[in-house]
Structures are given as C-alpha cells and as structure tokens.
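Structure first, then comments.
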C-alpha cells in the first residue's frame, strides 16, 4: 500500500516535467528563429555599416597604426553586435510565436525583399540620396522652428534688424470733472 501513495505524486511530477520540457523546446525554437532573423537583418546591416566606417577611419592612419587598432575595434564590435543580437532575439521570441517568426524568416529570405533591402542599404543608391536629402530638410525645418522660439517667439525676417521693443500703452484719460 505504501508504494501506491507516491505514485500519483510521481505521475504529477512527470506530467509537469513534460509540460515544462515542451514549453522549453518551444521557447528554444522561437529564440533560434528570432536569432536567425536578427542575424540576417540587423546584424548584417550593422556589420556592413561598421566595416565601411572602420575603413574610412583607419584609412586616415598609418598602416602600422591601423594594423594595431583594427583587431581591438573588430573584437569590441563583435562583442557589441553579439549582445545586440541576443537582446533583440530574446525580445522578438517573447513577442512572436514560432509560426509568426517563420513567416518573418520567409519574408527576409525572399529574393525581392533582399533586393529591396540591398537598395536601401547601398550608400551610393538614389534611394539613399533621396532619403538623406529629405531627412536633412526635415532636420533643418526643426532647427529653424526651435530658433524661432528663442527670445520673443517671433522669427526674424532673413537679414532684418531686430524688431524694436513695443511701446508702452498710453495712460488712461481721466474722466471729465463734474461741475
């Protein structure tokens, strides 16, 4: 009889372990899918941008200086990129289920989407030029708006002298005296 009592507890424990193992496998699948997506997108674009900026920076140095600095830059970049990939993958794995992540992966693997992304990432493309020009105009507009709010809140006309201070209001006229 004493052998039968622990059996329900053991069965309940095994059932719980199986449920948790299934959940862990689903979490692992989502994390793997999310990490793959982040690696194909954010990490790839970030790596390309970093390499371009790194070459520009190191080209201004002597060969000896750049050879000395490059390994440290690349090591630090790899650590930062890996941390970014891990953080984003965990966040996406929490926000999307496996089916959604598989759909996203299919989108990112699509050749038309890859062409679209390559065009947007190419610093020499007209798309990038148009985007940069538009962003520059918007930032200039915001800067002008901020400048116009300094001082009295009025935007001075280009090349105009500062506006004179306003005249004080005239004193009220006294009422006529009563006889």
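Residue numbers (mature numbering (1 follows the signal peptide of the UniProt record, and there is no 0)): -26 to -1, 1 to 153.
Here a beta-carbon is modelled for each residue, glycine too, at the ideal position from N, C-alpha and C.
Per DSSP, the continuous alpha helix (DSSP H) segment holding residue 31 begins and ends at 18 to 33. With 16 or more other Cβ atoms from the protein chains shown falling within 10 Å of its own Cβ, residue 66 counts as buried. Only buried fits residue 11, as 16 or more other CB atoms lie within 10 angstroms of its CB. Look at the beta carbons and you see the segment 28 to 41 not touching the segment 106 to 124: under three pairs across the two are nearer than 8 Å. Here residue 124 carries a coil assignment [DSSP, helix/strand/coil]. For residue 45, the enclosing alpha helix (DSSP H) starts and ends at 37 to 69. Here the C-alpha atom of residue 3 lies approximately 16 Å from the C-alpha atom of residue 61.
The segment 28 to 39 makes no contact with the segment 73 to 88; the number of CB pairs closer than 8 Å stays below 3.
In the DSSP annotation of this structure, the continuous segment of the alpha helix (DSSP H) that includes residue 76 starts and ends at 72 to 83. For residue 99, the three-state secondary structure derived from DSSP is coil. The way I'd put it, the segment 50 to 60 doesn't touch the segment 89 to 96; fewer than three beta-carbon pairs between them come closer than 8 Å.
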